[in-house]
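Peer 1: These protein sequence lines are chains A and B, in that order. The numbering used here runs 755 ahead of the 1-based position in the first sequence. The numbering used here runs 755 ahead of the 1-based position in the second sequence. Think of the CB as a built atom: it goes at the ideal place given N, C-alpha and C, for glycine as much as any other residue. Just so you know, these numbers come straight off a predicted model, no measurement behind them. Can you read through this structure? Questions will come right after.
2 protein chains.
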Amino acid sequence: MATDDGEATGLRERKKRETRLALSRATIRLCVERGWDNVTVDEIAAAADVSARTFRNYFSGKAEAIAAGHLDRAMRIADELRARPAGEPLWDAIVIAVRSQFAPDVPDGTPSPEDRRWREALLLVLSEPALHGEVLKANAAAQEELALAIAERTGLDASRDVYPRLVASVVGAASAVAVEHCLRADASMPLETLLREVFAAVTSGLPVP
Amino acid sequence: MATDDGEATGLRERKKRETRLALSRATIRLCVERGWDNVTVDEIAAAADVSARTFRNYFSGKAEAIAAGHLDRAMRIADELRARPAGEPLWDAIVIAVRSQFAPDVPDGTPSPEDRRWREALLLVLSEPALHGEVLKANAAAQEELALAIAERTGLDASRDVYPRLVASVVGAASAVAVEHCLRADASMPLETLLREVFAAVTSGLPVP
DNA sequence: CAAAAACTTTCCATTCTGGCAAGTTTGCAA
DNA sequence: TTGCAAACTTGCCAGAATGGAAAGTTTTTG
């Protein structure tokens, strides 16, 4: 009776997601405003109206809270790949799955507030080495998931064959390079285009230009 | 008169390197023996006969101390690439550079004690998520260096062109997959062979098998 | 509705972090 | 050789992080 779709299960689940989101956002906002090491866990917890202990029930630290959004996003790439039609060539499906999460098509030129926060968080990461490791860990986790999806699709055994993990890692590496290049450089090129370019290079064996 | 080669500069430098090595080794040994969270910085410092404060002058924490050896090794890949003859094709040079550090040719079947420690440390990392991030950071740092070396060799601008960073990232990703696969699996294949296989796949555009 | 399960909070003992200043060692040149 | 300066180590310490335990709340379930 209650469940309509696979999302909002119950009140409890919804509240947890909200708390998690509130904590993550508060962390990002405060760290952007005051700088990474001028923010304590207690302050973040206070800003989100929970106890400091609750913060630690959700995240292991500031870094994890900041990278949480990125982790979710990266994790969804595997879901997206699983949702692609079975007949579609693997690499086409992969490129579409990555773009769906990292360079979503916007109707008009409006980058959703969600996306703006993502950019904000990534810029914070680039400026703070202490955060780098956390994002790398998020990418690694997402790649693990992606490797499983690739294994399913190709009918390979993820624990025996290297191919799934190899492709997942390379996809993760290439995506990260494109995103970072886009954030660093003077945004001379839309992420959309850069992703296409990077994957074209990878699928053609990275020939020396 | 004193300096014979480019290594041992002075007494001071040598002592620092020794202290650093001693700390790193002590950390690995203790963590292997007692388990990651049954080891404190004070114990490590005591084991290396220095103060706890000195430990922190060298490393930001246990994780960094454990990953230090891996970082050095990965950093040397860029040096090795720079040392390859200029006429050699880029990918040949890269593969050789990687192998020189990750799968060194051993005269007889004797893996140097240095290599045994490397394996030991990596196994520790696989078993402890808290360490994963640190190794990923080490890889990222090494890739940055590798990207510069690739830029030099190809005559590209590392800050403008994506190619150097892209190749460095993919090389890092592929190497990591090979090494991990070798450590996880029942070592069904020597790292040597696995690296060759992985790079062959990458340079041919990762075709679906 | 009441028990059970899940989550939050308070309390607290350890450990981590990093700045500071005093004590040592090493490098260098007069 | 002597003495100074730079570099390194150490003890001290306060603020923050970490994570276990148990009591207090809220949601779920029978």
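Residues in the same chain with beta-carbon distance under 6 Å from A/Asp759, minus the five sequence neighbours each way, listed in chain order, please.
Peer 2: Reading the first sequence from its first residue, position 4 is the one you call residue 759 of chain A. Residue confidence is low: A/Asp759 scores 39 on pLDDT, short of 50, so the model does not pin down where it sits. Its coordinate-derived value is still stated next. Excluding residues within five positions, none has a Cβ falling inside 6 Å.
Peer 1: Just the chain B side, please: which residues come within less than 9 Å of A/Gly842 by C-beta, in chain order?
Peer 2: Indexing the first sequence from 1 puts residue 842 of chain A at position 87. Those within 9 Å of A/Gly842 in chain B number zero; the least Cβ separation is about 13 Å.
Peer 1: As an exercise, report each continuous alpha helix (DSSP H) stretch of at least 4 residues that is fully enclosed by the segment 837-925 of chain A, in chain order.
Peer 2: List check, alpha helix (DSSP H) in window: 845-857, 868-882 and 884-909.
Peer 1: Using the Cα positions of B/Leu881 and A/Trp791, report the straight-line distance between them to the nearest angstrom.
Peer 2: Working through the second sequence from its first residue, we reach residue 881 of chain B at position 126. Working through the first sequence from its first residue, we reach residue 791 of chain A at position 36. Going by the C-alpha atoms only, they are around 29 Å apart.
Peer 1: Taking the straight line between their C-alpha atoms, what separation do you get for A/Glu819 and A/Cys786?
Peer 2: Locating residue 819 of chain A in the first sequence gives position 64, counting from the first residue. Locating residue 786 of chain A in the first sequence gives position 31, counting from the first residue. Whole-angstrom Cα-Cα distance: 13 Å.
Peer 1: Look at the Cβ atom of A/Gly824, then the Cβ atom of A/Trp873, and state whether they are nearer than 9 Å.
Peer 2: To locate residue 824 of chain A, count along the first sequence from 1; it is residue 69. To locate residue 873 of chain A, count along the first sequence from 1; it is residue 118. Taking 9 Å as the Cβ cut-off, A/Gly824 and A/Trp873 qualify as a contacting pair.
Peer 1: Counting only C-beta atoms, is B/Glu947 closer than 9 Å to chain A at any point?
Peer 2: For the purposes of this step, residue 947 of chain B is taken as the residue at position 192 of the second sequence. No, B/Glu947 lies away from the interface with chain A (no Cβ there is under 9 Å from its Cβ).
Peer 1: Does chain A have any CB closer than 9 Å to the CB of B/Thr909?
Peer 2: By one-based count along the second sequence, residue 909 of chain B stands at place 154. So yes, B/Thr909 belongs to the interface.
Peer 1: Per DSSP, what kind of secondary structure is A/Met944 in: helix, strand or coil?
Peer 2: Translated into the one-based positions of the first sequence, residue 944 of chain A becomes position 189. In the structure shown, A/Met944 sits in coil (DSSP, three-state: anything other than H, G, I, E or B).
Peer 1: From B/Ala757 to B/Lys817, what does the alpha carbon distance come to, in whole angstroms?
Peer 2: Within the second sequence, numbered from 1, the residue matching residue 757 of chain B stands at position 2. Within the second sequence, numbered from 1, the residue matching residue 817 of chain B stands at position 62. No answer about B/Ala757 holds up, because its pLDDT of 35 lies below 50 and its placement is not dependable.
Peer 1: Closer than 8 Å by beta-carbon distance: list the chain A residues that pair up with B/His936, in chain order.
Peer 2: What you label residue 936 of chain B is simply residue 181 of the second sequence in a count that begins at 1. Per Cβ cutoff of 8 Å: Val917 and Arg920.
Peer 1: Once you ignore the five residues that flank A/Phe954 on each side, which residues in its own chain have a CB closer than 7 Å to its CB?
Peer 2: Here residue 954 of chain A corresponds to residue number 199 of the first sequence, with the count starting at 1. So the qualifying residues of the chain are Val850 and Ala929.
Peer 1: When the cut-off is 9 Å and only beta carbons count, does B/Arg837 lie next to chain A?
Peer 2: Counting from 1 along the second sequence, the entry for residue 837 of chain B is found at position 82. Not closer than 9 Å to any Cβ of chain A, the Cβ of B/Arg837 fails to qualify, so no.
Peer 1: State yes or no: is the C-beta of A/Thr958 within less than 9 Å of the C-beta of A/Trp846?
Peer 2: Here residue 958 of chain A refers to the residue found at position 203 of the first sequence. Here residue 846 of chain A refers to the residue found at position 91 of the first sequence. In contact: A/Thr958 and A/Trp846 (Cβ atoms closer than 9 Å).
Peer 1: Determine whether the Cβ of B/Leu732 lies closer than 9 Å to any Cβ atom of chain A.
Peer 2: What is shown of chain B runs 756 to 964, which leaves residue 732 of chain B out entirely.
Peer 1: Are any of the Cβ atoms in chain A nearer than 9 Å to that of B/Ala942?
Peer 2: Numbered from its first residue, the second sequence carries residue 942 of chain B at position 187. Chain A contact via Cβ: absent.
Peer 1: Around the C-beta of B/Gly761, are 16 or more other C-beta atoms found within 10 angstroms, so that it is buried, or is it exposed?
Peer 2: If you number the second sequence from 1, residue 761 of chain B lands on position 6. Bear in mind that the predicted position of B/Gly761 carries a pLDDT of just 43, short of 50, making it too unreliable to give a figure here.
Peer 1: Would you mind telling me which residues of chain A sit closer than 9 Å to B/Val957, beta carbon to beta carbon, in chain order?
Peer 2: Counting from 1 along the second sequence, the entry for residue 957 of chain B is found at position 202. Neighbours of B/Val957 on chain A, chain order: Leu921, Val925, Val957, Gly960 and Leu961.
Peer 1: Please confirm if A/Glu788 has its CB atom under 9 Å from at least one CB of chain B.
Peer 2: In the first sequence, counting from the first residue as 1, residue 788 of chain A sits at position 33. No, no contact with chain B.
Peer 1: Pull up the distance between the alpha-carbon of B/Ala956 and that of A/Val890, whole angstroms please.
Peer 2: Numbered from 1 along the second sequence, position 201 holds the residue referred to as residue 956 of chain B. Numbered from 1 along the first sequence, position 135 holds the residue referred to as residue 890 of chain A. Taking the straight line joining both Cα atoms gives about 27 Å.
Peer 1: Near A/Val932, what residues of its chain come up, given a Cβ to Cβ distance below 6 Å and the 5 sequence neighbours on each side ignored?
Peer 2: The residue labelled residue 932 of chain A in the question sits at position 177 within the first sequence. Taken in chain order, the list of residues that qualify is empty.
Peer 1: Nearest chain B C-beta to A/Ala933 closer than 9 Å, yes or no?
Peer 2: The sequence position of residue 933 of chain A within the first sequence is 178, counting from 1. Yes - at least one Cβ of chain B is within 9 Å of the one on A/Ala933.
Peer 1: Suppose you measure from the CA of A/Arg839 to the CA of B/Arg837; what does that come to, to the nearest Å?
Peer 2: Residue mapping note: residue 839 of chain A aligns to position 84 of the first sequence, counting from 1. Residue mapping note: residue 837 of chain B aligns to position 82 of the second sequence, counting from 1. Rounded to whole angstroms, A/Arg839 to B/Arg837 spans 43 Å at the Cα level.
Peer 1: Three-state secondary structure (DSSP) at B/Ala803?
Peer 2: Taking the second sequence and counting its residues from 1, the one referred to as residue 803 of chain B is at position 48. Three-state DSSP puts B/Ala803 in coil, outside helix and strand.
Peer 1: Flag B/Glu952 as yes if its beta-carbon sits less than 9 Å from any beta-carbon of chain A, otherwise no.
Peer 2: Mapped onto the second sequence, residue 952 of chain B falls at position 197. By this cut-off, B/Glu952 is an interface position.
Peer 1: Contact defined as beta carbons within less than 8 Å: I believe A/Ala897 pairs with A/Ala829. What is the distance between those atoms, to the nearest angstrom?
Peer 2: Stepping through the first sequence from its first residue, residue 897 of chain A is reached at position 142. Stepping through the first sequence from its first residue, residue 829 of chain A is reached at position 74. Right, their Cβ atoms sit about 3 Å apart.
Peer 1: For B/Gly910, I'd like the list of residues in its chain whose CB is within less than 8 Å of its CB, leaving aside the five on either flank, ordered along the chain.
Peer 2: Mapped onto the second sequence, residue 910 of chain B falls at position 155. Nothing meets the Cβ criterion.
Peer 1: For the segment 868-894 of chain B, which residues have a CB atom closer than 7 Å to at least one CB atom of chain A, in sequence order?
Peer 2: Within the segment 868-894 of chain B, the residues whose Cβ lies closer than 7 Å to some Cβ of chain A are His887, Gly888, Glu889, Leu891 and Lys892, listed in chain order.
Peer 1: Residues in the same chain with beta-carbon distance under 7 Å from A/Ala902, minus the five sequence neighbours each way, listed in chain order, please.
Peer 2: Taking the first sequence and counting its residues from 1, the one referred to as residue 902 of chain A is at position 147. Here the set comprises Ala913, Pro919, Arg920 and Ala923.
Peer 1: Taking all protein chains shown into account, do 16 or more other C-beta atoms lie within 10 angstroms of the C-beta of B/Ser779, making it buried, or fewer, making it exposed?
Peer 2: Indexing the second sequence from 1 puts residue 779 of chain B at position 24. Classification of B/Ser779: buried, given that the 10 Å Cβ count is 16 or more.
Peer 1: Tell me where the alpha helix (DSSP H) around B/Leu776 begins and ends.
Peer 2: For the purposes of this step, residue 776 of chain B is taken as residue 21 along the second sequence, with counting starting at 1. Note, B/Leu776: alpha helix (DSSP H), Leu766 to Arg789.
Peer 1: What does the Cβ neighbour count give for A/Lys892, buried or exposed, with the cut at 16 atoms within 10 Å?
Peer 2: Locating residue 892 of chain A in the first sequence gives position 137, counting from the first residue. Looking at its Cβ environment, which holds 16 or more other Cβ atoms inside 10 Å, A/Lys892 is buried.
Peer 1: If the cut is a Cβ gap below 7 Å, which residues of chain A does B/Leu845 touch?
Peer 2: Residue 845 of chain B sits at position 90 when you count from the first residue of the second sequence. What B/Leu845 touches in chain A: Val963.
Peer 1: Does the separation of the CB atoms of A/Glu935 and A/Met944 fall below 9 Å?
Peer 2: Within the first sequence, numbered from 1, the residue matching residue 935 of chain A stands at position 180. Within the first sequence, numbered from 1, the residue matching residue 944 of chain A stands at position 189. Against a cut-off of 9 Å, the Cβ pair of A/Met944 and A/Glu935 comes out as no contact.
Peer 1: Quick test of the definition: if touching needs 3 or more C-beta pairs under 8 Å, does the segment 770-778 of chain A touch the segment 798-814 of chain A?
Peer 2: Because the criterion of three Cβ pairs below 8 Å is met, the segment 770-778 of chain A and the segment 798-814 of chain A touch.
Peer 1: Considering only C-alpha positions, which residue in the set B/Arg789, B/Ile832, B/Arg772 and B/Glu798 is nearest to B/Asn894?
Peer 2: Counting from one through the second sequence, the residue named residue 894 of chain B turns up at place 139. Ranking B/Arg789, B/Ile832, B/Arg772 and B/Glu798 by Cα distance to B/Asn894 puts B/Ile832 first.
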